[in-house]
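Novice: FYI, in the working numbering the residues of the sequence shown are 251 to 509. Sharing a structure here in structure tokens format.
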Amino acid sequence: MTRKPLIAGNWKMNLNHLEAIAHVQRLAFSLKEEDFEEVDVLVLPPFTDMRSVQTLIDADRLRIAFGAQDLSDKDNGAYTGQISGVFLSKLGCKYALTGHSERRGINAESSELVMQKTKAALRNNITPIVCVGEPSDIRKNGNHVTYTLDQLEQSLSDLTKEMIKDIAIAYEPVWAIGTGEIATPQDAEQMALEIRNWLVDRTSLTIAQGMRILYGGSVKSSTAAGIMAMPNIDGLLVGGASIDPDEFVGICRYRLAGV
Ligand code: 13P
């Protein structure tokens, strides 16, 4: 079973729409056809950048996909400030993060809401990348596997096997996000394997083997290859390093760096 790796850049609240255009142009200039044969490349810009990014991608027929950092659990109506999956889908948005730890933390999003947002993405033909991962105190007391699998269970509890088949999962340990403290390849693989085994139980071997599991947390071009060498890791969700086009291109080309 081959899973094409997905390299995703979560820009978070960085790069305005003019900077976004320049950034995507730099990526498009640097990344070559052979890169896109090896990996799928995804950018997750702020909402105000999205139309500019989409116009550029469409006009130049770029092989870069774009996605949303969040979406509403509702499709339309009186929900001031929220962004509908219907609109995102119409724009050509292919992916959306759900349950990023910054939204679970800063915006107090519950796993129930994460599940509703995941369903909203799916019904609008957007691939949800459901994010899970433990904070540092849980890692220190050794309960990281139970914690992360519980979070996954709660975030997907209403979803059928057929729905789960169409999602990706990102393991992002909170202690590794924006800290420079990356998980070791072995730690990342241990959790990815636990997640894969959970998916086998929840769906089927065939479905679980076809699903992508990403790692995120302080990934750089110098560390990407080691993580990507792990058998159950099928991609990277990159924050800070995705803002620097050279770094992000280096991460997309991890296969050339050697472990
Ligand atoms: P950093 O790569 O900045 O640690 O962020 C990871 C992340 O949160 C990606 O979603």
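Ideal placement from N, C-alpha and C gives every residue a C-beta, glycine not left out. From a predicted model like this one, the values you see are computed outputs, not experimental measurements.
Going by beta carbon distance, what residues of the same chain come within less than 6 Å of His394, once the five residues before and after it are set aside?
Specialist: Glu384 and Ile388
Novice: In this structure, how does DSSP classify Gln447 when only helix, strand and coil are distinguished?
Specialist: Checking the sequence shown, residue 447 turns out to be Asn, not Gln. Of the three classes helix, strand and coil, the one that applies to Asn447 here is helix, per DSSP.
Novice: Exposed or buried, Lys514, counting other C-beta atoms within 10 Å across all chains shown (16 or more means buried)?
Specialist: The structure shown has nothing for residue 514, since the chain only spans 251 to 509.
Novice: Identify which residue in Ile414, Gly467 and Ser471 has its Cα closest to the Cα of Ile457.
Specialist: Ile414
Novice: Suppose the cutoff is 7 Å on Cβ atoms and the five residues either side in sequence are ignored; what does the same chain contact list for Ile271 look like?
Specialist: Ser302 and Leu306
Novice: Counting only runs that start and end within the stretch 419–484, where is the beta strand (DSSP E) found for 3 or more residues in a row?
Specialist: 463–466
Novice: Determine the closest residue to Ser492 out of Ala475, Trp261 and Ala426, with distance taken between C-alpha atoms.
Specialist: Trp261
Novice: Find the nearest neighbour of Pro481 within the set Gln459, Asp400, Cys502 and Asn264, judged by alpha-carbon distance.
Specialist: Closest by alpha carbon: Gln459.
Novice: Measuring alpha carbon to alpha carbon, tell me which residue in Asp323, Leu443, Lys254 and Asp408 is nearest Ile376.
Specialist: Asp323
Novice: Tell me the rounded alpha-carbon separation between Phe498 and Ser468.
Specialist: 12 Å
Novice: Could you tell me the alpha carbon to alpha carbon distance between Leu294 and Gly349, rounded to whole angstroms?
Specialist: 14 Å
Novice: Roughly how many angstroms separate the alpha carbons of Leu530 and Arg503, rounded to a whole number?
Specialist: Outside the displayed span of the chain (251 to 509) sits residue 530, for which this structure offers no information.
Novice: Could you tell me whether any non-hydrogen atom of the ligand 13P is closer than 7 Å to the CB of Ile427?
Specialist: Yes - the ligand 13P has a heavy atom lying nearer than 7 Å to the Cβ of Ile427.
Novice: Determine whether the beta carbon atoms of Gly517 and Gly392 lie at a separation below 8 Å.
Specialist: Residue 517 lies beyond the residue range present for the chain, which begins at 251 and ends at 509; the question has no answer from this structure.
Novice: Alpha carbon to alpha carbon, how far is Met441 from Val479? Give it in angstroms, no decimals.
Specialist: It should be noted that the sequence gives Ala, not Val, for residue 479. Roughly 15 Å between the two C-alpha positions.
Novice: For a minimum of 4 consecutive residues, which ranges assigned as the alpha helix (DSSP H) are wholly contained in the stretch 305–393?
Specialist: 335–341, 351–356, 361–373 and 386–390
Novice: Consult DSSP for Val499 and reduce its assignment to one of helix, strand or coil.
Specialist: helix
Novice: Quick check: the Cα distance between Gln304 and Lys470, rounded to an integer number of angstroms?
Specialist: 26 Å
Novice: For the ligand 13P, I want to know if Leu256 counts as a neighbour, meaning its beta carbon is within less than 7 Å of at least one of the ligand's heavy atoms.
Specialist: no
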